[in-house]
Amino acid sequence: MIGYGFFDRPGRRVTLREVGDENWREVADVAPLDDQRSHVPAMAARYLLLSMREETWNSLAVHADDTVVGHVMWGLDDEDGSHWIGGMLIDGAEQGKGLGRAVLLTMTGWLAAQEDCWTIRLAYHPDNAVAGRLYTSLGFVPTGAVDGDEVIAELAPNQVGRH
Numbered sequence: 109m110i111g112y113g114f115f116d117r118p119g120r121r122v123t124l125r126e127v128g129d130e131n132w133r134e135v136a137d138v139a140p141l142d143d144q145r146s147h148v149p150a151m152a153a154r155y156l157l158l159s160m161r162e163e164t165w166n167s168l169a170v171h172a173d174d175t176v177v178g179h180v181m182w183g184l185d186d187e188d189g190s191h192w193i194g195g196m197l198i199d200g201a202e203q204g205k206g207l208g209r210a211v212l213l214t215m216t217g218w219l220a221a222q223e224d225c226w227t228i229r230l231a232y233h234p235d236n237a238v239a240g241r242l243y244t245s246l247g248f249v250p251t252g253a254v255d256g257d258e259v260i261a262e263l264a265p266n267q268v269g270r271h
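Each position in the sequence shown, counted from 1, maps to that position plus 108 in my numbering.
Okay, structure coming up:
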């Protein structure tokens with residue numbers, strides 16, 4: 109379990125846990141709001157399959173206290189050694205409660221503590237203004253590079269927790 113003492117607005121402790129036999133179905137059922145489906149998959153099940161089929165990504169269940177409320181992945185780029193956050197999806201019924209911020213603070217804190225972490229990157233659709241504002245508020249800076257139709261942003265490990 110990964111936890112750095114962050115809470116959502118209702119006061120639930122936010123932790124990241126391995127996806128296993130006890131929670132994979134709940135994680136697979138996580139779904140965004142309908143108007144977000146142009147930016148993210150319709151269900152977190154797609155991300156679970158991606159992490160099972162490709163060695164790059166590692167899925168984690170997002171818990172608020174003991175309830176599964178989302179999904180996030182992390183990965184290590186074999187080419188340049190950068191750490192990535194991907195596949196963050198908070199269930200539509202749980203959005204607007206500060207979970208995304210708590211997940212990112214937890215994830216960036218954990219990744220930055222890894223011995224070989226020199227940068228943390230993520231990618232998001234440029235039309236996803238809410239995500240863009242969240243990432244910028246936490247210190248992520250667009251690199252000018254793109255991955256398909258997504259903007260790549262990065263955070264230096266020494267900037268973690270400064271925003």
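Cβ coordinates follow ideal geometry from the N, Cα and C atoms, glycine included.
Just so we're clear, the structure is a prediction, and the values are computed from it rather than from any experiment.
State the start and end residues of the unbroken alpha helix (DSSP H) segment that holds Thr-244.
The count along the sequence shown starts at 1 and reaches residue 244 at position 136. First-last of the alpha helix (DSSP H) with Thr-244: 237 to 245.
Looking at the secondary structure, which residues open and close the beta strand (DSSP E) in which Ala-172 lies?
On the sequence shown, residue 172 is found 64 positions in, with the first residue counted as 1. From DSSP, the beta strand (DSSP E) with Ala-172 extends over 165 to 172.
Give the DSSP-derived three-state secondary structure of Leu-157 in the structure shown.
Walking along the sequence shown from the start, residue 157 turns up at place 49. Correct three-state label for Leu-157: helix.
Can you tell me whether Leu-141 is buried or exposed? The criterion is at least 16 other CB atoms within 10 Å of its CB, across all chains shown.
In the sequence shown, counting from the first residue as 1, residue 141 sits at position 33. Burial call: exposed.
Cα-Cα separation between Gly-247 and Val-135, rounded to whole angstroms
Here residue 247 corresponds to residue number 139 of the sequence shown, with the count starting at 1. Here residue 135 corresponds to residue number 27 of the sequence shown, with the count starting at 1. The alpha-carbon atoms of Gly-247 and Val-135 are separated by roughly 28 Å.
Among Asp-224, Arg-241 and Cys-225, which has the Cα closest to the Cα of Ala-231?
On the sequence shown, position 123 is the one that residue 231 refers to. Ranking Asp-224, Arg-241 and Cys-225 by Cα distance to Ala-231 puts Arg-241 first.
Do the CB positions of Leu-197 and Val-138 come within less than 7 Å of each other?
Position 89 of the sequence shown holds residue 197. Position 30 of the sequence shown holds residue 138. Closer than 7 Å, so yes.
Looking at the secondary structure, which residues open and close the beta strand (DSSP E) in which Thr-214 lies?
Position 106 of the sequence shown holds residue 214. Premise fails: Thr-214 lies in the alpha helix (DSSP H), 207 to 220, not in any beta strand (DSSP E).
Distance, Cα to Cα, Leu-158 vs Pro-118?
Position 50 of the sequence shown holds residue 158. Position 10 of the sequence shown holds residue 118. Roughly 31 Å separates the two Cα atoms.
Distance between Asp-235 and Glu-280 (C-alpha atoms, nearest Å)
Lying outside 109 to 271, the shown extent of the chain, residue 280 is not represented and no answer is given.
Using the Cβ count rule (16 or more neighbours within 10 Å means buried), how would you classify Val-180?
Here residue 180 refers to the residue found at position 72 when the sequence shown is read from its first residue. So Val-180 ends up on the buried side.
Do you know how far the Cα of Val-211 is from the Cα of Met-109?
Counted from its first residue, the sequence shown places residue 109 at position 1. Counted from its first residue, the sequence shown places residue 211 at position 103. Roughly 13 Å between the two C-alpha positions.
Cα separation between Tyr-155 and Asp-188?
Counting from 1 along the sequence shown, the entry for residue 155 is found at position 47. Counting from 1 along the sequence shown, the entry for residue 188 is found at position 80. Cα to Cα, Tyr-155 sits roughly 23 Å from Asp-188.
Note down the Cα distance separating Gly-183 from Trp-192, rounded to an integer number of angstroms.
By 1-based counting over the sequence shown, the position of residue 183 is 75. By 1-based counting over the sequence shown, the position of residue 192 is 84. In a straight line, the C-alpha of Gly-183 is about 5 Å away from that of Trp-192.
For the candidate residues Asp-174, Ala-169, Ala-153 and Glu-163, whose alpha-carbon lies nearest to that of Arg-120?
To locate residue 120, count along the sequence shown from 1; it is residue 12. The option with the nearest alpha carbon to Arg-120 is Asp-174.
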